[in-house]
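Undergrad: Following this message is one structure expressed as structure tokens.
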Amino acid sequence: MMTGSDSNAVAGGLARHIPVLARRAVEWLGVHDGGIYVDGTFGAGGYSRLILAAPGTRVIGIDRDQNAVAQGTTLVSAADGRLVLVEDRFSNLEAVVESCGIAAVDGVVFDLGISSMQIDEASRGFSFRLDGPLDMRMGRDGPSAADILARASERDLAAIIRTLGEEHHARAIARAIAKAREAQPITTTRSLADIVARVVHARDGMIHPATRTFQALRIFINDELLELARGLAGAERILKPGGRLVVVAFHSLEDRIVKTFLAERSRPPASSRHRPELASAPPTFRVLTKKPEPPDEAEIAANPRARSAKLRAAERSDAAARATVVQTLLPRVPSLSDLMPGRA
Ligand SMILES: C[S@@+](CC[C@H](N)C(=O)[O-])C[C@H]1O[C@@H](n2cnc3c(N)ncnc32)[C@H](O)[C@@H]1O
């Protein structure tokens, strides 16, 4: 995630976009001359820029946001053929890499969540501080947050807000939304923020009362956790032996998925003398960060939104990639395809 207002560390055209943990992420990637890397969350290109600073490196940048891709064209030109930028979801990273004629890569990095460019643009509908249409889509397709508020049952809304927002007041919020939409559709960020603020009262030092509800809806409509689970599985398939996976997460739901995936993939095989057929597969990753790495105090002071960031890194072994049942990595919550049949 990019944030802050320090003009010394500009990632893109606008001074306010500062990548979080970028240097550490690129150090953990083990970038070496001539290596090929996937930046699965291109954003303003802060991570890609640092990777490209090593001679002869090549980067495949992916972002589902067409604005991020459009704004990245300057960096593509400056990179002289070493940066390819693709508008897609990182759950498709294997296909994206293959479409570039590349079979395997030296590193994959995900810097999860949304960018400052997205949150600061009122028309995108991500911010409860700015009034705008209740959209929240990172990409071009799929239902908006307003569509979900109009369609989901009160019970599903409560489950989404409780699970994906980790919000204790989820039932009361869902009830308030259901009541409000009887009078008129909820179509703006301000109207949703006001509905939530009437139920969850702000206290000194607390986050804005609508923070968790907005987080839940954003994660839900962008299918962010399924994207992450599929992205991790794709990275496992596309990394060379010795290649590195680095993930920067911004809340516990994301970090739990990364932690669980890596714990499972790095576990030594269990063998049974009596039931050899039950022996588990060899580890596909070696975890490099024993504990998730936070930003240091200086970064948090310069960039308060960095405070919840956690970095995990792992190195690919030469064992064959495993089949992944992504659902086992996800919390139980109604899915987008439950509410919107026909979506993948
Ligand atoms: C926190 S920003 C990344 C910032 C970037 N590291 C930089 O230095 O500028 C996250 C970006 O990832 C993109 N994104 C989030 N989920 C995605 C997904 N599933 N597939 C592709 N892009 C995604 C968002 O659109 C956003 O631009």
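Here this note's numbering is used: the first residue of the sequence shown is 908, the next is one more, and so on. Cβ atoms here follow ideal geometry from the backbone N, Cα and C, with glycine treated the same way. The structure displayed is predicted, hence computed values, not measured ones.
1. Taking three-plus beta-carbon pairs below 8 Å as touching, is the stretch 1006-1024 in contact with the stretch 942-950?
2. For R1082, write down the residues that DSSP places opposite it in a beta bridge.
3. Taking the alpha-carbon of T1231 as reference, which of P1211, A1220, R1239, T1191 has the nearest alpha-carbon?
4. For R1097 and D1038, which I take to be in contact (beta-carbon distance under 8 Å), what is that distance rounded to the nearest angstrom?
5. Just checking my contact of I1061 with A1081 at CB under 8 Å: how many whole Å lie between their CB atoms?
6. For T1191, does the three-state DSSP call read helix, strand or coil?
7. State the DSSP-derived secondary structure class of S914, mapped to helix, strand or coil.
8. Residues in the same chain with beta-carbon distance under 7 Å from V1103, minus the five sequence neighbours each way, listed in chain order, please.
9. Would you call the CB atoms of E1204 and L1218 closer than 7 Å?
10. Please list, in chain order, all residues of the same chain as V976 whose beta carbon is under 6 Å from its beta carbon, the five residues on each side excluded.
11. Alpha carbon to alpha carbon, how far is V1154 from F1127?
12. Check whether the Cβ of A1002 lies closer than 6 Å to any heavy atom of ligand 1, and answer yes or no.
13. By DSSP, does L1243 sit in helix, in strand, or in coil?
14. Return the CA-CA distance between R996 and H1181, expressed in angstroms with no decimal places.
15. Answer with buried or exposed for S1030, where buried requires no fewer than 16 other C-beta atoms within 10 angstroms of its C-beta.
16. Using the three-state DSSP reduction, which class does T1095 fall into: helix, strand or coil?
17. Please give the ranges of any beta strand (DSSP E) in the stretch 958-1041, keeping only runs that are unbroken, at least 3 residues long and fully inside the region.
18. Any idea what DSSP makes of D1162, helix, strand or coil?
19. Taking G1020 and F1157 to be in contact with their CB atoms under 8 Å, please state how far apart those CB atoms are, rounded to whole angstroms.
20. Looking at G1072: is its Cβ nearer than 7 Å to the Cβ of Q1122?
TA: According to the structure data:
1. Below 8 Å, enough C-beta pairs join the stretch 1006-1024 and the stretch 942-950 to call them touching: three or more.
2. Looking up residue 1082 in the sequence shown gives position 175. DSSP, once it has assigned bridges, lists no residue as partnering R1082.
3. Along the sequence shown, read from residue 1 onward, the residue named residue 1231 stands at position 324. If we check each option's Cα against that of T1231, T1191 comes out closest.
4. Taking the sequence shown and counting its residues from 1, one reaches residue 1097 at position 190. Taking the sequence shown and counting its residues from 1, one reaches residue 1038 at position 131. Yes, they are in contact, since the Cβ atoms of R1097 and D1038 sit about 4 Å apart, within 8 Å.
5. In the sequence shown, residue 1061 corresponds to position 154, counting from 1. In the sequence shown, residue 1081 corresponds to position 174, counting from 1. Sequence check: residue 1061 is Glu here, not Ile. Contact between E1061 and A1081 holds, with the beta-carbon distance rounding to 5 Å and staying under 8 Å.
6. One-based indexing of the sequence shown puts residue 1191 at position 284. In this structure, T1191 counts as coil in the three-state DSSP scheme.
7. For the purposes of this step, residue 914 is taken as the residue at position 7 of the sequence shown. Legend: pLDDT at S914 = 32, less than 50; position of this residue unreliable, no value from coordinates given.
8. Indexing the sequence shown from 1 puts residue 1103 at position 196. Cβ neighbours of V1103 beyond the five flanking positions: I1080, P1116, A1117, T1120.
9. Position 297 of the sequence shown holds residue 1204. Position 311 of the sequence shown holds residue 1218. Their beta carbons are not under 7 Å apart, which means E1204 does not touch L1218 by this criterion.
10. As a working note, residue 976 is residue 69 in the sequence shown. Excluding residues within five positions, the ones whose Cβ falls inside 6 Å are D970, L992, E994.
11. Sequence index remark: in the sequence shown, residue 1154 carries index 247 (1-based). Sequence index remark: in the sequence shown, residue 1127 carries index 220 (1-based). So the two alpha carbons sit approximately 20 Å from each other.
12. One-based indexing of the sequence shown puts residue 1002 at position 95. Flag unset: Cβ of A1002 not near ligand 1.
13. Position 336 of the sequence shown, counted from the first residue, corresponds to residue 1243. In the three-state scheme derived from DSSP, where H, G and I count as helix and E and B as strand, L1243 is classed as helix.
14. Looking up residue 996 in the sequence shown gives position 89. Looking up residue 1181 in the sequence shown gives position 274. Each residue's alpha carbon lies about 45 Å from the other.
15. One-based indexing of the sequence shown puts residue 1030 at position 123. S1030 is exposed by the Cβ-count criterion.
16. For the purposes of this step, residue 1095 is identified with residue 188 of the sequence shown, where counting begins at 1. DSSP, read as helix, strand or coil, puts T1095 in strand.
17. As far as the stretch 958-1041 is concerned, its whole beta strand (DSSP E) runs of at least 3 residues are 965-970, 990-994, 1012-1018.
18. Numbered from its first residue, the sequence shown carries residue 1162 at position 255. The answer is helix: DSSP assigns D1162 an H, G or I state.
19. One-based indexing of the sequence shown puts residue 1020 at position 113. One-based indexing of the sequence shown puts residue 1157 at position 250. About 5 Å separates the two Cβ atoms, so the contact holds.
20. Reading the sequence shown from its first residue, position 165 is the one you call residue 1072. Reading the sequence shown from its first residue, position 215 is the one you call residue 1122. Yes. Within cutoff.
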